[in-house]
Amino acid sequence: MRFFIAGIMQGSRRDLGLHEQDYRARLCQLIETHVPNADVYDPLAEHHESVEYDDDKGREVFYYHNRLCREVDVVVAFVPEASMGTAIEMWEAHEHGRGVVIAITPLAHNWAVKFCSHLVYANFDRFETELASGELLGTIENLLVERAT
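Now the structure itself:
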């Protein structure tokens with residue numbers, strides 16, 4: 564099963580800094596521990612210097628990641644606050660993909676979250692509990708079957 568880790572990077576920052584990115588390693592570890600044969604793609608791990616890319620390289624990577632969201636089985640989006648890039652990735656997966664969008668966010672009433680997610684978790688603990696129990700994997704598999712028909 565192919566996973567894409569979406570989530571806030573720059574958010575509303577006006578400099579080239581990033582929000583804390585420790586959630587990425589946690590998500591990768593959780594998925595790899597609880598999903599047999601998981602193939603996890605973390606955009607930041609592949610492009611850790613992306614804020615330094617010139618416009619051509621940045622555009623190439625931005626569009627590549629958006630296309631990739633259409634192809635994976637699951638997009639897991641960590642959205643502690645609004646993130647335009649993450650919203651686009653969620654949209655691409657939901658509207659043009661075949662996979663499932665899972666949001667981990669306190670922004671359950673945000674329309675991008677509400678209408679572009681198949682599952683919403685208010686925090687990591689709830690996500691981890693359902694993933695560890697196997698309940699989440701069963702739900703994902705059922706949603707993938709529904710999306711395929």
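Counted the way my numbering counts, the sequence shown spans residues 564 to 712.
Just so it is clear, CB atoms sit at the ideal spot from N, CA and C, and this is done for glycine as well.
Note that this is a predicted model, so its numbers are computed, not measured.
In the structure shown, valine 635 adopts coil according to DSSP, grouped into three states.
With a cut-off of 8 Å on Cβ pairs, the stretch 682 to 700 is not in contact with the stretch 644 to 652, counting fewer than three such pairs. Residues of the same chain with a CB within less than 8 Å of the CB of serine 680, apart from the 5 flanking positions on each side, are Ala640, Met653, His657, Val664, Ile665, Ala666 in chain order. Runs of the alpha helix (DSSP H) lying entirely within the stretch 638 to 712, each at least 4 residues long, are 647 to 654, 674 to 679, 687 to 696, 698 to 711 in chain order. Under the three-state reduction of DSSP output, isoleucine 571 falls in the coil class, being neither helix nor strand.
The stretch 628 to 642 makes contact with the stretch 564 to 573: 3 or more CB pairs, one atom from each, lie closer than 8 Å.
About 16 Å separates the Cβ atoms of valine 683 and glycine 662, ruling out a contact at the 8 Å cut-off. In the three-state DSSP reduction, aspartate 618 falls in the helix class (H, G or I).
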